[in-house]
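K.L.:
In full-length UniProt numbering, the protein residues as written are 1 to 219.
(1) What did DSSP end up calling residue 127 once you bin it into helix, strand or coil?
(2) Considering only the beta carbon of each residue, do residue 161 and residue 92 sit closer than 9 Å?
(3) Are residue 163 and residue 150 close, meaning C-beta to C-beta below 9 Å?
(4) Please give me, in chain order, every unbroken run of the alpha helix (DSSP H) with length at least 4 that falls completely inside the stretch 31-63.
(5) In whole angstroms, what is the alpha-carbon distance linking residue 203 and residue 152?
(6) Are at least three pairs of beta-carbons, each pair with one atom in the stretch 182-200 and one in the stretch 130-145, less than 8 Å apart?
(7) In its own chain, which residues sit with a C-beta less than 8 Å from the C-beta of residue 43, not counting the 5 before and 5 after it?
(8) Would you tell me roughly how many angstroms separate the C-alpha atoms of residue 206 and residue 41, rounded to the nearest one?
(9) What are the boundary residues of the alpha helix (DSSP H) that residue 182 is part of?
(10) Could you give the distance in angstroms between the alpha-carbon of residue 45 and the alpha-carbon of residue 69?
(11) I need the boundaries of the alpha helix (DSSP H) containing residue 199, first residue and last residue.
(12) Whose CA, out of 20, 88, 76, lies closest to the CA of residue 60?
In structure tokens form, the structure reads like this:
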């Protein structure tokens with residue numbers, strides 16, 4: 001979401017510098033993450049950021065615009081973590097576990113609390129009534145599916161999966177596992193249990209490997 005840069009009216013002279021705006025966005029994201037979009041008032045955001053409501057309006061626009069920016073930043077961060085995990089030269093099962101571990105690192109990044117996924121915890125409840133939030137969520141989910149699908153296509157082409165597997169179907173399963181982990185994390189399931197859930201899902205997905213590769217033993 002673009003920020004207003006050319007407004008020079010007197011009421012906006014006290015606008016914080018860019019690095020303060022970045023800090024404010026981070027703190028606002030934390031507030032939304034704790035109590036959701038509807039449950040977080042602009043006054044509450046002002047309190048946690050240390051900015052007055054007029055300053056928040058000057059930098060971000062209204063609460064809705066601020067939330068959309070927080071949501072976009074979360075997507076950027078989480079998708080980058082998933083892509084980094086899937087992009088390396090690790091075997092498929094290791095790459096998938098790296099992706100799930102990256103997600104768990106985000107879900108358990110709160111101070112003393114399990115936050116889960118920002119999208120699942122704050123955006124999904126708004127999609128029925130808010131087209132902009134719905135579009136952001138839909139685009140992000142498509143991106144996750146596409147990233148997993150690309151990795152499965154690569155695995156199929158390199159012989160890690162059977163030639164007749166459907167990478168798109170496997171991608172939906174892999175993404176759905178990530179979303180299940182997010183929900184359970186938000187509900188308080190321990191990290192070790194969620195890691196084990198991810199491992200079982202990876203084992204099931206990688207059951208599509210060629211038999212010769214699964215049963216191969218060193219000569």
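Yeah, the Cβ is synthetic: ideal placement off N, Cα and C, and Gly gets one too.
Just so we're clear, the structure is a prediction, and the values are computed from it rather than from any experiment.
P.N.:
The answer reads as follows:
(1) coil
(2) yes
(3) no
(4) 42-49, 53-60
(5) 14 Å
(6) no
(7) 53
(8) 45 Å
(9) 167-186
(10) 14 Å
(11) 191-205
(12) 20
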